[in-house]
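Quick notes on the structure that follows.
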Amino acid sequence: MLTKAVANFDRFKLVREERATLDDGERGQPPLRLSLNDDAFHSIGLYVRQGYYAVTRSDLSGNIRERVARQVDAVIEPILDDIARLIAGSPSPILGVGHAVPAIVGEDGTLFEVTPTQAALPLQELAETISARFRLPVYWDNGAYCVAAFEAQRPRTNHRGLFYITLDFGVGGGLFAKDAVFRGAHNQAANIGALIPETGDRPSLPDLARHLGRPLDRLSDDFLARLFLDGDRRLLDWIDDRGEKLSKPLATVVQLFNPDAIVVGGFFPREILERLCARVDLGALDVPGRRPLIRPTLLVTQLLGPAGLAEAASLLPIAAEMLGQHPPMANARRPR
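Quick note: the sequence shown uses the numbering used here, first residue -15, plus one each step.
Given below as structure tokens:
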């Protein structure tokens, strides 16, 4: 069976073969070393938000080979142009397009609900146009699910259970366990945002905009990083308060799911997320006199901002076409 599998890998050029050299005194047939051919196929990753988008081309190991990020008002045509350019520049066949969306995605690929601040995006039209224009399958999934899967399957990681929380235009979550994203009965699991009501204080960009009295579109990475570096008291107070308010929801994650890592990401600069994490108490629900559960590592993802989400989304076609997983296919016509 292994021989047949290796033959199939070779047929699709998924592996590199290298005959080892025997050391002095060793006898017999030298072993054959196999390694993944990262460039057998590439995939496209995409993330879009109001006024901004990012597109990436990745290899089979998730390494970014090319990245484009733009601030634009028009959405569809510039994205199509950049996807066309990335495909034309690829030395390898393209498996498909993965799209991280600011939405809950139904099992059938329909968008159950889009984050309110991004509801005007033409996501459905974009998916259909990409599929028709490039004759490629388009997979999309909730952005938090995309990053959870990418983080859990990074090379040289061995997570048995990973929870990801994103702090961007809302608060979202994704749980990865037993080699797959845990989706629940209706593809709506890990909705941690419901534990931090939108009517109250929550660690999101709209909440911070209200707190600072600034328009939402002013809260760029550079602007927030400068405020943090300058020690802006309103920003620091907000970080400390919202970090404390994350303690019970994330402690609930510890009690219910027992992950070995909780990874935090979103649209905030790294230094802000790291300070926020420092204020989180994962033992907030520990019972006095009882032995506490083993606490997971709490860390900030490397996949920050729109470019990070596009990078994570590039895994969706690989997961579907090569790994036998079932990320939702965008409810668009699939090429025959």
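Using N, Cα and C, we set each Cβ at its ideal position, and we do this for glycine too.
Which residue from S298, I149 and A209 puts its Cα closest to that of A245? When each option's Cα is compared against that of A245, the closest is I149.
If you drop the 5 nearest sequence neighbours on each side, which residues of the same chain put their C-beta closer than 7 Å to that of R41? Excluding sequence neighbours, R41 sits near H26, I28, R49, E50, L70 and S74.
With DSSP as the reference, identify every bridge partner of H26, one or two as the case may be. Residue pairing from DSSP places H26 in a beta bridge opposite D43 and I78.
May I ask you to report which of helix, strand or coil DSSP gives I278? In the three-state reduction of the DSSP assignment, I278 falls in the coil class.
May I ask you to verify whether the stretch 206 to 222 touches the stretch 254 to 272, counting CB pairs closer than 8 Å and requiring at least 3? Of all C-beta pairs linking the stretch 206 to 222 to the stretch 254 to 272, three or more are shorter than 8 Å, placing the two stretches in contact.
Which word fits G215, buried or exposed, when buried means at least 16 other C-beta atoms lie within 10 angstroms of its C-beta? G215 counts as exposed, since fewer than 16 other beta carbons sit within 10 angstroms of its beta carbon.
Please report the straight-line C-alpha distance between A294 and G273, rounded to a whole angstrom. A294 and G273: Cα-Cα distance of roughly 46 Å.
Among the candidates L79, L95 and R54, whose CA atom is the shortest distance from the CA of A38? Answer by Cα proximity: R54.
Where the alpha helix (DSSP H) containing L213 begins and where it ends: L213: member of the alpha helix (DSSP H) spanning D205 to L213, first to last residue.
Starting from G385, trace the alpha helix (DSSP H) in both directions and tell me its first and last residue. Outside the shown range of the chain (-15 to 320) lies residue 385, about which nothing can therefore be said.
In the DSSP assignment, find the unbroken alpha helix (DSSP H) run with D224 in it and report its ends. In the DSSP assignment, D224 falls within the unbroken alpha helix (DSSP H) covering R217 to K229.
Give every residue of the same chain whose Cβ lies closer than 6 Å to the Cβ of R323, excluding the five residues on either side of it in the sequence, and list them in chain order. Residue 323 lies beyond the residue range present for the chain, which begins at -15 and ends at 320; the question has no answer from this structure.
Short check: CB of L131 to CB of G249, under 7 Å? The question names Leu, but residue 131 is Val in the sequence shown. Yes, they are a contact pair.
Which stretch, first to last residue, makes up the beta strand (DSSP E) that contains I48? Residues I48 to Q55.
Examine the Cβ distances between the stretch 225 to 242 and the stretch 123 to 137 and report whether three or more of them are shorter than 8 Å. Because the criterion of three Cβ pairs below 8 Å is not met, the stretch 225 to 242 and the stretch 123 to 137 do not touch.
Write down every uninterrupted run of the beta strand (DSSP E) in the stretch 80 to 125 whose length is 3 residues or greater and which is fully enclosed by it, in chain order. Correct list: 87 to 89 and 95 to 98.
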